[in-house]
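**Student:**
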Amino acid sequence: MARQMRSLRGKVIVVTGGAQGIGAKTAAALVRHGAKVAIGDLDLVRAEKTAGELGSDTLALELDVTDTGAFSAFLDEVERRLGPIDVLINNAGIMPLAPLHEEEDSSTRRQLEINLHAVIHGTREAVQRMRPRGSGHIVNVASMAGKAGFPGAATYCATKHGVVGLSESVHLELRGSGVDVSCVMPAIVRTELASGLGEAKMIKSVLPEDVAAAIVGALRRPRFDVFVPKSLDLTGRITRLLPRTAAEWMLRTLGGDQILASAAHSSARAGYEARAAESAPAMGDEDGTAK
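In terms of the numbering used here, the sequence shown opens at residue 800 and continues consecutively.
1) Please report the Cβ distance between A1013 and P895, rounded to the nearest whole angstrom; I am assuming they are in contact, meaning their Cβ atoms lie under 8 Å.
2) Report the partner residues of T815 according to the DSSP bridge assignment.
3) Starting from E858, follow the beta strand (DSSP E) in both directions and report where the run begins and ends.
4) By the 10 Å Cβ neighbour count, where 16 or more other Cβ atoms means buried, how is K1003 classified, buried or exposed?
5) Can you list, in chain order, the residues of its chain with a C-beta nearer than 8 Å to that of V830? Leave out the 5 residues immediately preceding and following it.
6) Is V1010 near the ligand GTP, judged by its Cβ being under 7 Å from some heavy atom?
7) Residue range of the beta strand (DSSP E) that I888 falls in?
8) Determine the burial state of K1029: buried for a count of at least 16 other Cβ atoms within 10 Å of its Cβ, exposed for fewer.
9) Using the C-alpha atoms, what's the distance from L1006 back to M804?
10) If we ignore side chains and look at the alpha-carbon of each, how far apart do G951 and V864 end up?
11) Alpha helix (DSSP H) containing F873: first to last residue?
12) Have a look at the DSSP bridge pairing and note the partners of I937.
13) Hey, is the segment 861-878 in contact with the segment 1024-1042, meaning 3+ C-beta pairs nearer than 8 Å?
14) Report the rounded CA-to-CA distance for T867 versus V844, giving the unit in angstroms.
15) Where does E972 land, buried or exposed, given buried means 16+ other C-beta within 10 angstroms?
16) Between which two residues does the beta strand (DSSP E) carrying D1024 extend?
17) Rounded to the nearest angstrom, what separates L899 and E1072 at their Cα positions?
18) Taking the alpha helix (DSSP H) that I821 belongs to, which residues open and close that run?
19) Tell me whether V988 sits in a helix, a strand or coil according to DSSP, three-state version.
20) On the three-state DSSP scale, how would you describe V864?
21) Have a look at A1081 and G945 and give me their C-alpha separation to the nearest angstrom.
22) At which residues does the alpha helix (DSSP H) containing L896 begin and terminate?
23) Should D840 go down as buried or exposed, given a rule of 16 or more other Cβ atoms within 10 Å for buried?
24) Return the residue from the list A947, R974, S976 that minimises the CA-CA distance to V962.
25) Classify T954 as buried or exposed, calling it buried when 16 or more other Cβ atoms lie within 10 Å of its own Cβ.
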């Protein structure tokens, strides 16, 4: 029997990296469904602008996800002003591109802090708040790069593999607790993060609105795996059944081996790369502050 669709009306939902990109589109979709949304972002000016455009008392607060103390205090403040958090969407992240041998150690550390450690901390905080109440939903935004490796983004892929593994483990730890976990794995999303990236054959890029719609769908009818587009799931299943040589041949044939590597030194990414490099005071933040 299909699970009944859940209403999001009145739910308190936090979106990290919510000032722009996937985060902003997700916040907008949630507001349309009647949720009380709190946006956390390093860029407070942009976050307040986004919140003002969304209306419905959308809350915008400054958030450096790499500062664990500040992250916890941010969640405390959201609960003080809006009530207990029903949903936490860990969305903030960055994607600097470079072959691993050219990547600066500072970039490696920044990606680990923002893309992985912050998601671990946010997930732990959410579990500690939600499990005693016997309800809640944690959404971790990973990537198709969390299921495969792509040249030009080795550390990024490593962090997203970590997010997938984290989500899988916590999903099992929370079985029967009333707290759901969803892991969102989109293809290339046409936000600033994808500046300079081309298209791969057969696997088309998606819009941030597409990811937002998938997140809302997973909240209304909970499921763990959230692929955007849905066809990524089938593509991944087929690839995993093939011998490694055949799977790598398919990756090359579809152009997936060059989609990130070819953009590593693209002038079209200069603005994004510079902003990502300065993305958080503590250690570093996927749209500069969001996906």
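C-beta: ideal position from N, C-alpha, C; glycine also.
All values reported here derive from a predicted model rather than from experimental measurement.
**Tutor:** Taking the structure as given:
1) The pair is not a contact, with the Cβ atoms about 25 Å apart (cut-off 8 Å).
2) Answer by DSSP bridge pairing, in chain order: G839.
3) Correcting the residue identity first, residue 858 is Leu in this sequence and not Glu. Counting along the chain, the beta strand (DSSP E) containing L858 begins and ends at 858-861.
4) Classification for K1003: exposed.
5) Cβ within range, chain order: V836, L853, G854, S855, T857.
6) The ligand GTP is not part of this structure, which contains no ligands at all.
7) 886-889
8) exposed
9) The straight-line gap separating the alpha-carbon atoms of M804 and L1006 is approximately 24 Å.
10) Rounded to whole angstroms, G951 to V864 spans 25 Å at the Cα level.
11) 867-881
12) L887, V980
13) no
14) So the alpha carbons of these two residues sit roughly 22 Å apart.
15) exposed
16) 1024-1027
17) 16 Å
18) 820-831
19) When secondary structure is reduced to three states using DSSP, V988 falls in the strand class.
20) coil
21) Unreliable placement is indicated for A1081, whose pLDDT of 45 sits below 50; no coordinate value is reported for it.
22) Per DSSP, L896 belongs to no alpha helix (DSSP H) and is neither H nor E.
23) buried
24) A947
25) buried
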